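Undergrad: Residue numbers (the working numbering): 55 to 226. Glycine residues also receive a C-beta, built at the ideal position from the N, C-alpha and C atoms. Everything numeric in this text was worked out from a predicted model, so none of it was measured.
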Amino acid sequence: MRRSSEPISGMLRRRRIAGRAQLAAAADSYQPRRQPSGPLVCPQCGVVYAQGRWHWGSPPEGAAADLSPACQRIRDQLPAGIVTLHGPLPQPRRDELMALAHHHEAAEKQEHPLNRIMRTEESADVLQIMTTDIHLPRRIGEAVRQAFHGELDMDFDEDAYFARVDWRPPKG
Ligand SMILES: [Zn+2]
């Protein structure tokens, strides 16, 4: 993955200097495609795993309580995706970008309960949105480009289950 001087969380910094094998192993324990052996209900967010998929609804009888992969990532502060929105970002624009990101998260989460925004970070020049999955960053990035034009740059590392999306506003 490309190196960058942008602000990133300490956790991510540690991931970046970890070896590739280590990284893949760490990523694997959060893999949404890893199948639990029986029905589960997440005590944190209430999402249910049954018949091979995660969905919102009532848990089947006998479902075990276990944190969903999304809540594990939130607990461990380990994003699978990072959207970086580059400035200049005056406050009204920041508000618009955040509203747009949260709107798309809400829509995405209906269908794909493990795809969520886990937190956001703001600095003078950038706004960063951390997600629990690798698909939401693309969706947010494309929505931002559609609304505000500019340039999108996307990096996906399927093996490590990590996605990075950068958006820059139009020049001038
Ligand atoms: Zn959960």
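Any residues whose CB sits closer than 6 Å to a heavy atom of ligand 1? List them in chain order?
TA: 96, 98, 99, 101, 121, 122, 124, 125
Undergrad: So, are the CB atoms of residue 108 and residue 167 less than 8 Å apart?
TA: The answer is yes: Cβ separation under 8 Å.
Undergrad: Residue ranges of each beta strand (DSSP E) run of no fewer than 3 residues wholly in the stretch 120-144, ordered along the chain?
TA: Here the runs fully enclosed are 135-140.
Undergrad: What would DSSP say about residue 101, mapped onto helix, strand or coil?
TA: coil
Undergrad: When the Cα atoms are used, what is the spatial distance from residue 104 to residue 179?
TA: 43 Å
Undergrad: Could you pull the DSSP bridge partners for residue 222 from this structure?
TA: 205
Undergrad: If you draw a straight line from the C-alpha of residue 224 to the C-alpha of residue 215, how long is it?
TA: 30 Å
Undergrad: Taking its Cβ as the centre, do 16 or more other Cβ atoms sit within 10 Å of residue 220, making it buried, or is it exposed?
TA: buried
Undergrad: Tell me the DSSP secondary structure of residue 179 in three-state form.
TA: coil
Undergrad: Could you tell me which of 99, 90, 129 sits nearest to residue 163, measuring between CA atoms?
TA: 99
Undergrad: Just the C-alpha distance for residue 67 and residue 137, rounded to the nearest angstrom, thanks.
TA: Note that residue 67 scores 45 on pLDDT, short of 50, meaning its location in the model is unreliable; the coordinates nonetheless yield the value given after this. Residue 67 and residue 137: Cα-Cα distance of roughly 16 Å.
Undergrad: Taking just the CA atoms, how far does residue 96 sit from residue 121?
TA: 5 Å
Undergrad: Among the residues of its own chain, which have a CB less than 8 Å from the CB of residue 114, if the five just before and after it don't count?
TA: 93, 102, 104
Undergrad: Can you tell me whether residue 127 is buried or exposed? The criterion is at least 16 other CB atoms within 10 Å of its CB, across all chains shown.
TA: Residue burial is scored here from C-beta neighbours: residue 127 has at least 16 other C-beta atoms within 10 angstroms and is therefore classed as buried.
Undergrad: Identify, in the order they occur along the chain, each residue of the same chain with its Cβ nearer than 6 Å to the Cβ of residue 222, setting aside the five sequence neighbours on each side.
TA: 140, 204, 205
Undergrad: What's the gap between the Cα of residue 207 and the Cα of residue 161?
TA: 23 Å
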